[in-house]
Amino acid sequence: MPKPDNRRQFLRKAGLGATAALLPLAYSSCEEEKTPTKTAPPSRIVGHGNFTYEADLKWNSGNTAAHPVMHCHEMVLDSRGRLVCSTVSEKADVLVYNKDGKILDSFKHGLVEPHGFTKAGEGSDQTFWLTDSESGRVINLGLDGQLIRELDVPDDLIPEGKQFKPTETTVASNGDVYVADGYGTNLIFHFDGQGKLVNSFGGPDHFDCCHGITLDERRSTPELLITSRAAQNFQRWSLNGEHLQTHELPGLQICRPVISGAETLFAVIVTTSWWHYDGMVAILDKDFNVLSLPGGSSPVGLDNYNDVNWDGETFMNPHDVCADEDGNLYVPQWYSGRTHPVRLKRV
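Counting the sequence shown from 1 gives a position; this note's numbering is that position plus 3.
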């Protein structure tokens, strides 16, 4: 295991800087030089049951030199049919791709660690919410990347010895914004549509890295799905901050929940160890049973996923999943050798 000084050097190189000590241990425990188990082929079939895909590891290979990345964090499909991704890069905070992997545009707002990336609204009124897990900024952007507004969390709501390190947002149909402070207080901050703080809930008694949050409108009453990544579970909460249910996924460190029709998708950023490249995608049915693990071994018949195996080829720390209207998946990756997202084409 590297000495602490070496780990800090790695985190500095990775763009995490002094915030490393404030992040969950699982996030910061990575070796300085990772190497894949073996060289991956440019494409291969992954997944299980009715959810199989052709993995295209060279989806973006045409203009990467003009748009180098350090990490890619999260991606959404916007109302214009573009794939829009938060990234850590000297040149951009956000990259805009078409479905063939060509980079169409980029946005820059001086963020340090662009992280959670969420869309809100429809059509020409659609906007994006972007969190900076290093500086604590939560900003709202238009479709062309213009800054609309910024949320402020009162300092007196942050416990002594903690900092505000937001990892994700989600937006309710009435415009209320929920901010998950996954790398800071483990609180969920609820704002109304005008940006006024309504309440906060959760905290370390409920979450161990509330890394991701999303609005789930598939039930008669909308609710929140919130991941507790280091605890290897996700939880159902009411929009008023009442805990409803916890679903355990032992062995899977999951990022944000992504709703795709009846299914719930997760990027599993790590399975075996934070010290090696690994990870996969998890696809769950409407009852939250795991149906498929693209990039990993079959989940059939399992309730405990500690023994699932990474395939050694497909992913290197997947951090999010984005689904298009044809069922194809796009997977941004964290600290993955400066790679752009991987596409999984539905077969």
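No residue lacks a Cβ here, since even glycine has one placed at the ideal position from N, Cα and C.
- By the Cβ criterion, the stretch 179 to 191 is in contact with the stretch 220 to 238, since at least three pairs of Cβ atoms, one from each stretch, lie closer than 8 Å.
- In the displayed model, Arg232 falls within a helix according to three-state DSSP.
- Around the Cβ of Asn189, a 10 Å sphere holds 16 or more other Cβ atoms; the residue is buried.
- Annotated as distal: Thr267 and Val49, with beta-carbon spacing of 8 Å or more.
- Inter-segment contact for the stretch 121 to 138 and the stretch 155 to 164 is absent: fewer than three beta-carbon pairs are separated by less than 8 Å.
- Around the Cβ of Glu220, a 10 Å sphere holds fewer than 16 other Cβ atoms; the residue is exposed.
- Buried is the label assigned to Val156, since at least 16 other Cβ atoms lie within 10 Å of its Cβ.
- Spanning the alpha carbons of Asp195 and Cys258 requires a straight line of approximately 25 Å.
- Residue state for Ser300 is assigned as coil, using DSSP reduced to three classes.
- Counting the other CB atoms within 10 Å of its CB gives Ile216 a total of 16 or more, which places it among the buried residues.
- For Gly126, the three-state secondary structure derived from DSSP is helix.
- Close CB contacts of Arg47 within its chain, under the 8 Å cut and outside five residues either way in sequence, are with Glu57, Ala58, Glu316 and Thr317 (chain order).
- In the DSSP assignment, Gly205 falls within the beta strand (DSSP E) that extends over Leu200 to Gly205.
- Boundaries of the beta strand (DSSP E) around Met283: Met283 to Leu287.
- As the crow flies, the alpha-carbon of Thr55 is around 19 Å from that of Tyr308.
- Shown here, Asp158 sits in a helix according to DSSP, grouped into three states.
- Excluding its 5 nearest sequence neighbours in each direction, Gln129 has C-beta neighbours in its own chain below 8 Å: Asp81, Ser82, Lys122, Ala123 and Leu146, listed in chain order.
- Looking at the DSSP output, Tyr333 shares a beta bridge with Cys325 and Arg346.
- For Gly50, DSSP records a beta bridge to Thr55.
- Per DSSP, the beta bridge partners of Tyr100 are Leu86 and Ile106.
- For Met78, the enclosing beta strand (DSSP E) starts and ends at His74 to Leu80.
- Exclusion of the five residues before and after Arg85 leaves Val99 as the residues of its chain whose Cβ lies within less than 6 Å of its Cβ.
- With respect to His343, Thr172 sits apart: the two C-beta atoms are not nearer than 8 Å.
- Nearest C-alpha to Val334 among Gly298, Gln238 and Val311: Gly298.
- Under a 10 Å Cβ-count criterion, Arg232 is classified as buried, with 16 or more other Cβ atoms of the shown protein chains found around its own Cβ.
- The secondary-structure analysis by DSSP pairs Val293 across a beta bridge with Leu287.
- Inter-residue distance for Phe210 and Asn236 is about 9 Å (C-alpha atoms, whole angstroms).
- Phe291 and His250 have their C-alpha atoms some 8 Å from each other.
- Between Lys102 and His70, the C-beta spacing is not below 8 Å.
- Taking C-beta separations shorter than 7 Å and ignoring five residues to either side along the sequence, the partners of His112 in its chain run Asp96, Ile142 and Leu150, following chain order.
- For Leu190, the enclosing beta strand (DSSP E) has its first and last residue at Leu190 to Phe194.
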